[in-house]
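Written out below as structure tokens is the structure these notes cover.
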Amino acid sequence: MVEKNWKDDRIVLTPINLYMEYILLSYNNFLKEKLDDVSITYGELTYIYNIKYYPSISQRELAETLFVSEANVAKMIKKLVDKGLVKKQKDENNKSRNILTLTDKGEDVFVKINVLTCGWERKITKDLSNDDLFDLKEKLYLLTQESADL
């Protein structure tokens, strides 16, 4: 992990993806400690967030959003359906399209994880002003957009 008091040159020379990885590892450990009663992986969480944020998303659209294969999405959705977190139904206007939504249990898990995530985020950004936090999120959003276009 990142030790304290890095020199400026090390901060500058460390790739952005390594910082992202450290943050993600910390977040995963935080969730593991807090989610004893919810059997969910970080990968599954990514799907739950995207299904929540994109109402009526199809499996194909989810694959495109997450840069994974449709087969990968199908496997993950099966796990989430089996856990009772996601509901899959045929689109009435296009029978070849499966629409994904969260079940009531999935919504409950989303809320619980979102509350925990907000608390974690507040802890790691406690030294940032609201404006600085907004600026950071805006920059991360722009980087996300740029990386999607590669």
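Note that numbering that gives the first Met the number 0 gives residue 139 to position 140 of the sequence shown, counting from 1, and the numbers run on in steps of one.
Don't be surprised by glycine CBs; every beta carbon is placed ideally from N, CA and C.
Computed from a predicted model, the values in this text were never measured in an experiment.
Secondary structure note for S146: its alpha helix (DSSP H) is the uninterrupted segment 129-147.
Two segments are said to touch when three or more pairs of C-beta atoms, one from each, lie closer than 8 Å; by this definition the segment 69-81 touches the segment 36-53. Pairing L132 with T124 gives a Cβ-Cβ distance under 9 Å. For N71 and K87, the gap between their C-alpha atoms comes out near 15 Å.
The C-beta distance from G83 to K104 rounds to 5 Å, short enough to fall under 8 Å. About 11 Å separates the Cβ atoms of L44 and L115, ruling out a contact at the 8 Å cut-off. The DSSP-derived three-state label of L23 is helix. Considering only K3, V37, I15, the residue with the shortest C-alpha distance to D107 is V37. Boundaries of the alpha helix (DSSP H) harbouring N71: 69-81, taken from the DSSP string.
A direct Cα-Cα distance of roughly 17 Å separates W5 from N16.
The criterion of a C-beta distance shorter than 9 Å is not satisfied by T64 and V85. One thing to note: S57 has its Cβ within 9 Å of the Cβ of I98.
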